[in-house]
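When you line the sequence shown up against my numbering, it's residues 193 to 470, in that order.
Glycine is no exception: its CB is placed at the ideal position from the N, C-alpha and C atoms.
What follows is a short report on a single structure.
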Amino acid sequence: MMFDLIKYSSIQLRDIKEPATPKGPDFSLCGLVKHDLAGNILSFRSPKHCPKNSYSKAIYERRFKSMEFYTRLSNERVMPDQKWRHRTIFARTWAYCGPWFTGKLYQQTISINIIEPETVNNNISFFHPRAFESTILRLLTSSYSHNDESNQHIAPVDWKPLTWLPTPGAEFSITEPRGRPDSAKQVVILPFSDHHLLKISFSYGRNFWNETDLPDDELVSTLPLIKLRNSIIDSIHLELSPESQAQLDKATAECSGVKLTETFPPIDWSATKPNTEL
């Protein structure tokens with residue numbers, strides 16, 4: 193333990209020039225995080241906030257007594273069509289230190305947002321697998337389709353249904369065709385009512401100069417970041433309130449046997465854009 197504290201010190205005295213694996217939080221020591229969203233309980237394990245500098249602030253809103261979450265619209269530059277509202281209820285950042293005084297080489301951030309449509313369609317339940325898929329398509333389209341081709345995102349990539357959850361849920365990544373690996377986001381989305389989503393996002397940033405011929409993720413491995421991210425995702429647990437459970441039961445009865453699609457290819461935003469109306 194003491195050896196690791198010295199070997200993986202946050203102090204930087206030299207640049208990284210040879211392949212290395214950084215050290216970050218130990219998931220086995222992580223505590224339980226719990227959010228009470230008007231009786232809907234989201235829980236998972238997470239390291240404590242440990243960023244590379246003091247500018248990164250932690251957020252942890254533990255409890256909401258009602259389904260009124262006081263969400264807000266993104267600015268029009270981020271989402272021109274203004275179709276979705278959001279509120280960040282959790283955010284933490286962790287630094288990953290390289291060996292022998294190469295300092296903090298990566299930092300990874302988790303953020304959790306409550307997402308709801310600006311205009312609710314009471315004929316649609318996000319608990320219905322097909323409605324859930326359509327909702328993700330519309331949300332991604334509202335978020336990314338306005339970018340020009342030189343800054344166009346690709347999503348969803350590597351779509352994966354999360355089968356252990358009581359509701360529909362999916363994991364996928366959002367990438368840029370011209371971007372570095374650290375421009376990608378890993379996203380988990382799941383509903384907790386007919387008209388509310390939880391969006392759990394993971395992103396990371398590089399904090400080193402790469403003067404070698406190696407790609408960034410070969411010079412400094414991202415495997416510790418991926419391992420921690422996957423462990424957090426695997427620890428996610430959702431318990432619905434009686435009201436939300438009744439909504440889920442109704443949606444399930446109406447779509448008996450329907451499951452989330454196993455494949456969801458990236459959306460072609462260069463073609464006719466999907467209707468973003470709910």
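Ranked by Cα distance from TRP292, the options ASN339, LYS244 and LYS209 are led by LYS209. When only Cα atoms are considered, ALA212 and ALA283 end up about 27 Å apart. Counting only runs of 4 or more residues that sit fully inside the region 321-391, the alpha helix (DSSP H) segments are 321-336, in chain order.
Cα atoms of ILE307 and ILE425: separation of roughly 19 Å, rounded to the nearest angstrom.
In chain order, ALA250 and ARG284 place their CB closer than 6 Å to the CB of HIS241, counting only its own chain and leaving out the 5 sequence neighbours on each side. Counting the other CB atoms within 10 Å of its CB gives ALA376 a total of 16 or more, which places it among the buried residues. If you keep only unbroken beta strand (DSSP E) runs of at least 3 residues inside the region 388-457, you get 388-398 and 429-431. Between LEU357 and LEU440, the C-beta gap is not smaller than 8 Å, which leaves the two residues out of contact.
Here the alpha carbons of PHE364 and SER462 stand approximately 21 Å from one another. 8 Å or more divides the Cβ of ALA287 from the Cβ of PHE256.
In this structure, the beta-carbon distance from TYR298 to ASN399 falls below 8 Å. For ILE459, there is no enclosing beta strand (DSSP E), as DSSP marks it with neither H nor E. Taking 8 Å as the cut-off, the beta carbon of ILE418 is found no closer than this to the beta carbon of ALA362. Within its own chain, the residues whose Cβ lies closer than 8 Å to the Cβ of LEU420, once the five positions on either side in sequence are excluded, are GLY216, PRO217, PHE219, PRO239, TRP286 and GLN300, listed in chain order. Exclusion of the five residues before and after PRO360 leaves PRO321, PHE324 and LEU452 as the residues of its chain whose Cβ lies within less than 6 Å of its Cβ. Of all alpha-carbon atoms in CYS447, THR294, LYS352 and ILE302, the one lying nearest the alpha-carbon of TRP401 is that of THR294. In the three-state reduction of the DSSP assignment, ILE302 falls in the strand class.
In the DSSP assignment, SER238 falls within the beta strand (DSSP E) that extends over 232-238. Per the C-alpha coordinates, the member of VAL225, LYS296, ARG264 and ARG269 positioned closest to TYR396 is LYS296. A check of alpha carbon separations from PHE319 across SER436, LEU354, SER413 and LYS275 identifies SER436 as the nearest.
Distance between VAL379 and SER393, taken at the CA atoms: about 5 Å. In the three-state reduction of the DSSP assignment, LYS226 falls in the strand class, which pools E and B. Secondary structure note for TYR288: its beta strand (DSSP E) is the uninterrupted segment 276-289. Excluding the 5 residues flanking it on each side, ASP207 has same chain C-beta neighbours closer than 8 Å at THR294, PHE400, TRP401 and GLU403, in chain order. Under the DSSP definition of a beta bridge, ARG264 partners with HIS278. By the CB criterion at 8 Å, SER427 and ARG237 fall inside the cutoff. Excluding sequence positions up to five before and after LYS226, its CB lies within less than 8 Å of the CB of ILE233, LEU234, SER235 and ARG254, all in the same chain and listed in chain order.
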